[in-house]
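Some notes on the structure that comes next.
Here it is, written out as structure tokens:
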């Protein structure tokens with residue numbers, strides 16, 4: 026028989042009674058907190074009744090003294106399975122943005138109209154931007170707008186600092202008939218609220234760049250203008266969406282049906298801005314729905330079937346309004362608006378929440394991270410860089426033997442050579458001016474932000490690292 030460490034704490038066996046049991050029989054225990062101890066562990070007897078004045082609280086076996094309990098930290102809660110981390114980037118959205126950028130570059134090189142149907146990049150980019158904007162507007166609207174402008178404008182200023190002087194050197198001159206209005210439009214290179222002026226023909230036929238280089242260089246600026254107006258309108262659009270979600274979501278489609286089909290014509294840059302706003306406004310507001318979780322509340326079969334019907338209408342409309350570029354939806358606003366809306370709705374309806382790229386996609390983590398960290402730089406400069414590849418490839422004919430024997434192969438593979446060369450040139454431009462995006466975002470400038478951890482050599486961790494000084498013994502120190 027095992028006795029307790031302090032037998033005096035328990036009642037002793039009355040004298041004269043046989044030691045048949047460790048302790049005398051006890052009464053039935055009362056519930057905890059009513060003047061008795063909690064039940065003892067299994068395998069032991071029962072405790073005797075005690076005075077209620079000295080009864081401990083319930084579960085007193087697990088209680089600690091106050092001074093000890095204060096020093097012991099509370100156990101950390103284990104994270105729930107598949108719980109998303111607070112903050113951080115959604116790698117699925119990052120993947121879509123990277124694919125959209127690559128598609129834009131390939132389309133501007135080859136001009137394949139079917140790419141606008143296969144993957145409507147601009148609609149996807151506006152939908153992703155709308156989702157991020159809605160999430161940011163959880164903070165005060167003015168601070169969000171100021172931050173967005175601060176991130177958008179410096180990369181454009183870096184672009185204009187090179188392009189605009191080149192335009193003037195190659196023949197850009199003020200239009201006398203427009204007067205002061207021409208100089209105000211020139212200010213759109215600083216604040217892109219409208220379409221900036223550029224020459225349709227610049228340079229000479231024997232120049233380094235094509236004569237249409239200025240038009241090509243200024244082409245991507247329409248996206249910057251539309252993005253700016255969406256950002257400025259987002260506080261009001263988000264309030265309208267949360268009050269009347271479906272009416273707000275479909276209103277840009279109705280606007281496009283009026284001014285994007287010729288039913289009502291708005292001339293000039295104002296008309297172009299309104300058409301762009303209507304064409305991609307529903308995609309931007311769809312990003313609000315994704316951020317607010319509205320798409321998850323809709324049964325998937327309803328959302329997908331509705332999106333398919335909207336896309337079918339877009340293709341039907343395009344079939345009756347083809348332009349010289351065929352099925353290029355960029356030239357058919359209503360078809361572009363409806364096809365992009367349905368396409369983005371399906372992408373966001375099935376959107377997983379990836380904190381890391383799964384499977385084989387993980388091998389592309391570096392390029393995807395780099396594309397997202399330098400999205401504005403890539404979009405602004407890619408047209409200029411596409412034109413810069415051509416005079417570089419033309420130098421192949423000046424290489425002895427190559428120009429004489431391989432000229433036929435160079436002609437046949439010219440576009441493929443441009444496609445190969447454009448990516449190193451984009452990399453050079455990322456290193457040259459991409460850091461402006463970091464400065465604009467108040468981050469430390471980085472030359473190649475692909476998310477790879479910094480490598481530390483063995484010397485830095487070994488003999489190259491100074492050893493810490495031994496602790497100085499107590500006593501007076503010498504000065």
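Numbering (my numbering), first residue to last: 26 to 504. All C-beta atoms in this analysis are idealised placements derived from N, C-alpha and C, irrespective of residue type, glycine included. Source: prediction; values computed, not measured.
Assigned with DSSP and collapsed to three states, residue 287 falls in coil, not helix or strand. Pairing residue 396 with residue 382, the inter-Cα distance amounts to about 15 Å. Around the beta carbon of residue 401, 16 or more other beta carbons lie within 10 angstroms, which makes this residue buried. Under the DSSP definition of a beta bridge, residue 348 partners with 351. Restricted to the region 251-303, the alpha helix (DSSP H) segments that are unbroken, complete and at least 4 residues in length are 270-284, listed in chain order.
With a cutoff of 7 Å on beta-carbon distance, residue 310 and residue 266 are scored as near each other. Every alpha helix (DSSP H) stretch that sits fully inside the region 372-443 and reaches 4 residues is listed by chain position as 390-398, 400-419, 427-430, 432-437. A Cβ-Cβ distance of about 4 Å is found for the pair residue 125 and residue 146, placing them in contact under the 8 Å criterion.
About 13 Å separates the beta carbon of residue 117 from that of residue 387, a gap too long to meet the 8 Å contact definition.
Annotation for residue 319: 270 place their beta carbon closer than 7 Å to its own, counting only its chain and skipping 5 residues before and after. Residue range 460-465 is occupied by the alpha helix (DSSP H) that includes residue 462. Closest in alpha carbon position to residue 300, among 356, 350, 324, is 356. It is roughly 21 Å from the alpha-carbon of residue 181 to the alpha-carbon of residue 148. Three or more beta-carbon pairs separated by less than 8 Å link the region 222-242 to the region 186-197, which places the two stretches in contact.
Setting aside the 5 residues that flank it on each side, residue 403 is surrounded in the same chain by 126, 396, 451, each with a C-beta closer than 7 Å to its C-beta; the list follows chain order.
Judged by pairs of C-beta atoms under 8 Å, the region 206-224 touches the region 281-298, as three or more such pairs exist. Burial of residue 361 is indicated by the presence of at least 16 other C-beta atoms within 10 angstroms of its C-beta. Annotation for residue 182: the continuous alpha helix (DSSP H) segment containing it runs 166-194.
When DSSP states are grouped into helix, strand and coil, residue 456 belongs to the helix group.
By the C-beta density criterion, residue 348 is exposed, having fewer than 16 other C-beta atoms within 10 angstroms. Around the beta-carbon of residue 350, fewer than 16 other beta-carbon atoms lie within 10 Å, marking it exposed. In the DSSP assignment, residue 322 falls within the alpha helix (DSSP H) that extends over 319-322.
Within the model, the alpha-carbon separation for residue 204 versus residue 471 is close to 43 Å. Per the coordinates, the alpha-carbon of residue 353 lies some 36 Å from the alpha-carbon of residue 476. Residues of the same chain with a CB within less than 7 Å of the CB of residue 211, apart from the 5 flanking positions on each side, are 221, 222 in chain order. Rounded to whole angstroms, the gap between the alpha carbons of residue 364 and residue 305 is 10 Å. If you draw a straight line from the Cα of residue 415 to the Cα of residue 173, it is about 35 Å long.
Distance from the CA of residue 444 to the CA of residue 129, rounded to the nearest whole angstrom, comes to 12 Å.
Within the same chain, and ignoring the five residues on either side of residue 245 in sequence, the residues whose Cβ sits closer than 8 Å to its Cβ are 404, 405, 407, 408. Counting every other CB atom within 10 Å of its CB across the protein chains shown gives residue 455 a total of 16 or more, marking it as buried. If you draw a straight line from the Cα of residue 142 to the Cα of residue 366, it comes to about 12 Å. Beyond the five residues adjoining it in sequence on each side, residue 315 comes within less than 6 Å, by CB distance, of 156, 373 in the same chain, given in chain order.
Residue 159 sits close to residue 263, with the two beta carbons spaced by under 7 Å. According to the DSSP assignment, residue 233 belongs to no alpha helix (DSSP H), since it is labelled neither H nor E.
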